[in-house]
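So the sequence lines, in the order shown, correspond to chains P and S. Take the first sequence: its letters are residues 4 to 341, numbered as in this note's numbering. Take the second sequence: its letters are residues 475 to 1116, numbered as in this note's numbering. As structure tokens, the structure follows; a few thoughts come after it.
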Amino acid sequence: METRADPTTRSQRLAPVAVLGGVLALAGCSGQAPSALDPAGTGAGRVADLWWVLFWISIAVFVEVMVLLAWALLFRRRRDARVRHGQPLRFVVVAGAGVPLVILVTVYALGLRDLAALGDGPEPGATTIEVTGHQWWWEVRVPGVAGATANELHIPVGEQVRIRLRTVDVLHSFWVPQLMPKTDLIAGEVRETWLRAERAGSYRGQCAEYCGTQHAHMAFLVVAEPRRDFDAWLARLGSPAAGPQTDAQRRGQQAFAQGSCAGCHAIRGTDANGQVGPDLSDVGARWSIGAGAVPNDGGHLGGWIANSQTVKPGNHMPPQPVPAAQLPDLIAYLQSLK
Amino acid sequence: MSTTAAPVPGASREQLDRLEEHWGERPSLRAWLTTVDHKKIGRRYLVTAGLFFALAGLSALAMRTQLARPEAGLLSPQEYNQLFTMHGTAMIFLFATPMLFGFGNFLVPLLIGARDMAFPKLNALGYWIFLFAGLFMWASLPFGAAPNAGWFAYVPLTGQQQTPGLHMDVYSLGLLFLGIATAAGSINFIVTALKLRAPGMSLNRVPLFVWAIVATGFMVIFALPALNLDNAMLFLDRRFGTHFFDPEAGGNVLLWQHLFWIFGHPDVYIIVMPALGIVSAVLPAFTRRGVVGYVLVVFAIVAISIISFGVWVHHMFATGLPRLSYSFFSAASTIITIPSGIQIFAWLATMLLGRLVVRVPLLFVIGFIVTFVLGGFTGTMFALTVFDQQVTDSYFVVAHFHYVLVGGAVFPILAAVYYWLPKITGRMYHEGLGRWAFWLVFAGMHVTFFPMHLYGLFGMPRRVYTYPSEPGWDAWNLVSTVGSYLLAVGLLLVLAGVVHAIRRGRPAPPDPWGGDTLEWSTDSPPKPYNFAVLPQVHSLHPTWDESSRESMGAGAEADRVLADGRRTLLTSELDGRRERVVEMPASSWQPLLLALAMLLFFTAMLFAWYPVAAVAAVAVAGTVATWLWPPRRPERELGVSA
Chain P
4 METRADPTTR SQRLAPVAVL GGVLALAGCS GQAPSALDPA GTGAGRVADL WWVLFWISIA
64 VFVEVMVLLA WALLFRRRRD ARVRHGQPLR FVVVAGAGVP LVILVTVYAL GLRDLAALGD
124 GPEPGATTIE VTGHQWWWEV RVPGVAGATA NELHIPVGEQ VRIRLRTVDV LHSFWVPQLM
184 PKTDLIAGEV RETWLRAERA GSYRGQCAEY CGTQHAHMAF LVVAEPRRDF DAWLARLGSP
244 AAGPQTDAQR RGQQAFAQGS CAGCHAIRGT DANGQVGPDL SDVGARWSIG AGAVPNDGGH
304 LGGWIANSQT VKPGNHMPPQ PVPAAQLPDL IAYLQSLK
Chain S
475 MSTTAAPVPG ASREQLDRLE EHWGERPSLR AWLTTVDHKK IGRRYLVTAG LFFALAGLSA
535 LAMRTQLARP EAGLLSPQEY NQLFTMHGTA MIFLFATPML FGFGNFLVPL LIGARDMAFP
595 KLNALGYWIF LFAGLFMWAS LPFGAAPNAG WFAYVPLTGQ QQTPGLHMDV YSLGLLFLGI
655 ATAAGSINFI VTALKLRAPG MSLNRVPLFV WAIVATGFMV IFALPALNLD NAMLFLDRRF
715 GTHFFDPEAG GNVLLWQHLF WIFGHPDVYI IVMPALGIVS AVLPAFTRRG VVGYVLVVFA
775 IVAISIISFG VWVHHMFATG LPRLSYSFFS AASTIITIPS GIQIFAWLAT MLLGRLVVRV
835 PLLFVIGFIV TFVLGGFTGT MFALTVFDQQ VTDSYFVVAH FHYVLVGGAV FPILAAVYYW
895 LPKITGRMYH EGLGRWAFWL VFAGMHVTFF PMHLYGLFGM PRRVYTYPSE PGWDAWNLVS
955 TVGSYLLAVG LLLVLAGVVH AIRRGRPAPP DPWGGDTLEW STDSPPKPYN FAVLPQVHSL
1015 HPTWDESSRE SMGAGAEADR VLADGRRTLL TSELDGRRER VVEMPASSWQ PLLLALAMLL
1075 FFTAMLFAWY PVAAVAAVAV AGTVATWLWP PRRPERELGV SA
């Protein structure tokens, strides 16, 4: 039985490594999941490199332990195996403390190097974006620019951008796995991190510190784009929202201003100036509704307005008593805000 | 070497009768409620902790079912958030530590050759408090008032404004209540192990499991005050408007995290340490030799219990504290791997030199080594600040601590269940059923938790009640869910095996495994007085050594029988030299009454019935006063002179 077990044990031992490597490599290339192994930013890139070092060291040590264990199981369970009563302390100290010490000092040094590298924030004059956590959405502002947006921030590709983090309520954590490790948002304090995207693209981020009922729906998008496009985004952020073009949009705007919407939401260039919920000046252009809860289309928008509690239970927007006739107008107006 | 024959009694028939008369209890409701027998209390700990394990496990199954596919609607976010909080809180506080304390309670006096714990009434009190605190917390779930902010309950989310209702009051009061039991148990273990060891059991002959329990006891005593302080301040903030954690009034939210993790990281070792002790206890019987490097293992136990107090900030690497402090805590967190490495290689060396007897307990020990080593690797990764910042609070950390806690605590606990079941119940388990249970638990564990590494790295945060469909998330989550059912079936087979053993198992001989420690020198299950003759210990492996065994049989001396009362021997802390005979307390209503008065107090505080709470506090003070009132007994009986 033992001789039969030998080859299977060996192949079983190697198979998971191959499968694991394949799975991880696949995830690295998929380019869609917000994978830390598919880095697009300087910070995440360093950590991914560190990960692969740690991964291969772990595999090596694991194989060592498994070989010893397999050896014991194969050769030390025969009835005639003679029990040896020695105390191989040198083996225990070398294998259990000496070798690990060398490995640990090495990886600690690597970790220290990366800690220093990631800690070096951008130059004082670098672009700064202020992100404020709310239950359960992200407010995005740029110092010196009048407007605000939500759950989406743009950064110029190839530049180090300072992100200043605050929270108005509980702790949150700002995490864009493909760009940068996370930084918590601490109540009563200001935290800073930075992002530097090495290639253009949209990167999913999500709150990573449990923050209450709808922690699961507190996602955001970081759009890394050429400087020119970023400047255009900044300009849009600073200018009034698009005015209504059609009759339906005009009626929608009126409904927005007269109904309860304006009490909580702002739209630049109109009288709507509520500060409780997200600024809606560019809501038609956003990637989702409810910080990643549902896609941004007419049907979902209508459903959200009528009763967002069915979409994102527990969120702070109460159901709105909007007359059925007004709903299409409101949708038309909000979708025109781009 | 292995002895399966009943030990030759060194005490006379008449002495045995007198021992039975002093220690035995006739079964009755009164006896059930007032007993102070450490074996009965230990069994109750095991059964009760097992019950809470089942509840916390069912919570996990509900969560895994919800997460089987993206955007599922089986659970509402409110329900999910209560379930994940209760799962974590119960597994940590109501299962892991009490389960290991249960084994400690049953085994420590047997392992050191004593007749009971040092403070039997305190022991009973600890159990009743544990039971009541556990019920106090679980009872909130059917009312939708269970704790709902994660087992580490970060402020300000847990403040009154953010989480109104009873949820977090149940949490803070429940843990304060439970803490009394944990602290009492720890003190009891320390004193028992230091003062009640059989004569001759000097410190270098103390079984590794006892070393582990004592180290755990010290860790509890130093770690628990931080948690108690934290919870007291949280309760005051919530109920009486103090502002310890309110930044707008000069409080600080990170204060909670520091205090919590000053407790919380040692707590990981408070859970794992006795489990590692179990591994050291199980191996000799199934390798036919003592653990290699006894002194090194003891050193490792002591080192871990000290270093574990210097690593807490690695739980706060993403909070933006100064880099200099991160580099220090990163170094400490890296170094703590070394003592664990020493233990792992000491066990491997033991297996490589011994002759393996592959029975279910050894299978679980091997499963432990495989799993715990993997959890150790990811643990070292988390010591590196930037890597921690990337994957903390993602499913990667969920994978990591389940490898550490299922691998490092549940597997050894299951090894202990099978290893000591014959001793505890007097019945043998069914080997085939046990092997099926092992393979299902082992496979289920890895199928459930291994994929979590992957989808954690792929960016999935933890504590989400649902998730969008993303490549790499959907399929692996389904795999985890399938694994969790597999794991549940395996654990059900463990339960079936235990029930089967109790109902139909073969009667167990005193020493079915050829074990090396003293519990195998006495009956299965042990008599109420544990040992008819208290042993004289001559080595680290007394059951394997002729002269120690002789001391309980033919070599019995009258002054180690002590049949005239509930008596055991007090010995010196270091050398185990005989000091004097002590009279142990008999059964008492006080532990139950005191625990009930405390339950009333905490319940009254929960519902803000302050006059009732005041009455309960008076009742607590009254019971404690009666308990501590010096008894009127002749000096000789008090053990002043032996």
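Cβ atoms here follow ideal geometry from the backbone N, Cα and C, with glycine treated the same way.
Inter-residue CB distance, F568/S and G608/S (contact presumed, cutoff 8 Å)
First, the residue type needs correcting, since residue 568/S is Leu and not Phe in the sequence shown. Correct: roughly 5 Å between the Cβ atoms.
From P298/P to R230/P, what does the alpha carbon distance come to, in whole angstroms?
Roughly 27 Å separates the two Cα atoms.
Is the Cβ of F177/P closer than 7 Å to any Cβ of chain S?
no
Where Q489/S sits in the DSSP three-state scheme
helix
Extent of the continuous beta strand (DSSP E) to which V1055/S belongs
1052-1057
The stretch 1016-1028 of chain S in contact with the stretch 975-990 of chain S per 3-pair CB rule at 8 Å
yes
Quick check: what's the CA-CA separation for W161/P versus R49/P?
What sits at residue 161/P in the sequence shown is Gly, not Trp. Computed Cα separation, rounded: 15 Å.
Please name the residues in the stretch 525-558 of chain S whose beta-carbon is closer than 8 Å to at least one beta-carbon of chain P, in chain order.
S550, P551, Q552, N555
Do the stretch 716-734 of chain S and the stretch 643-653 of chain S meet, that is, are 3 or more Cβ pairs less than 8 Å apart?
no
Same chain, Cβ closer than 7 Å to R85/P, neighbours up to 5 away in sequence not counted
none
Tell whether a beta-carbon distance below 7 Å holds between F870/S and G930/S.
yes
Residue(s) in a DSSP beta bridge with Y206/P
The bridge partners DSSP lists for Y206/P are V225/P.
Check whether chain S comes within 7 Å of Y206/P, counting only Cβ atoms and requiring the distance to be less than that.
no
Is F94/P close to chain S? Criterion is C-beta to C-beta, closer than 7 Å.
yes
State the start and end residues of the unbroken alpha helix (DSSP H) segment that holds T152/P.
Where T152/P is concerned, there is no enclosing alpha helix (DSSP H), although the beta strand (DSSP E) it sits in stretches over 151-153.
Name the residue from L647/S, R763/S, F885/S, E488/S whose alpha carbon lies nearest to the alpha carbon of G89/P.
R763/S
For E133/P, decide whether its Cβ has a neighbour in chain S, counting only Cβ atoms nearer than 7 Å.
Taking Cβ atoms only, chain S never reaches closer than 7 Å to E133/P, which makes this a no.
Closest residue to H496/S among R1051/S, N662/S, T1042/S (Cα-Cα distance)
Check the Cα spacing between H496/S and each of R1051/S, N662/S, T1042/S: the tightest is with T1042/S.
Inter-residue spacing [alpha-carbon to alpha-carbon] between E195/P and D282/P:
23 Å
When you compare only the Cα positions, how much space is there between A658/S and Y903/S?
33 Å
Chain-ordered neighbours of I189/P on chain S, where CB pairs are closer than 9 Å:
P721, V727, L728, T793, G794
For H175/P, collect the residues of the same chain with a Cβ closer than 6 Å to its Cβ; drop the 5 residues on either side in sequence, then sort them by chain order.
G136, L188, C210, E212, C214
For M855/S, report the span of its alpha helix (DSSP H) as first-last.
834-857
How would you write the range of the alpha helix (DSSP H) that H137/P sits in, first residue to last?
That residue, H137/P, is in no alpha helix (DSSP H); its beta strand (DSSP E) goes 131-137.
Using the C-alpha atoms, what's the distance from I106/P back to I809/S?
11 Å
Give me the residue from A309/P, S242/P, G266/P, G301/P with the minimum Cα distance to S284/P.
S242/P
Return the CA-CA distance between G60/P and G853/S, expressed in angstroms with no decimal places.
Reading the sequence as shown, one finds Ile at residue 60/P and not Gly. The alpha-carbon atoms of I60/P and G853/S are separated by roughly 13 Å.
Going by Cα to Cα distance, which pick from Q248/P, L76/P, L237/P is closest to V148/P?
L237/P
Whole-angstrom distance between E488/S and Y959/S, CA atom to CA atom:
55 Å
Starting from L668/S, trace the alpha helix (DSSP H) both ways and give me its first and last residue.
Element bounds for L668/S: 641-669.
Range of the contiguous beta strand (DSSP E) that encloses H175/P:
Where H175/P is concerned, the enclosing beta strand (DSSP E) stretches over 175-179.
May I ask you to verify whether the stretch 998-1016 of chain S touches the stretch 598-607 of chain S, counting CB pairs closer than 8 Å and requiring at least 3?
no
Which residues in the same chain as L493/S place their Cβ atom closer than 6 Å to its Cβ, once the five residues preceding and following it in sequence are excluded?
Y1003, A1037
Can you check which of these residues, K185/P, T216/P, L224/P, A203/P, is closest to P638/S by C-alpha distance?
T216/P
Residue interval of the alpha helix (DSSP H) (run including V108/P):
102-122
contact_flag[the stretch 677-695 of chain S, the stretch 705-723 of chain S] where n(CB pairs < 8 Å) is 3 or more
no
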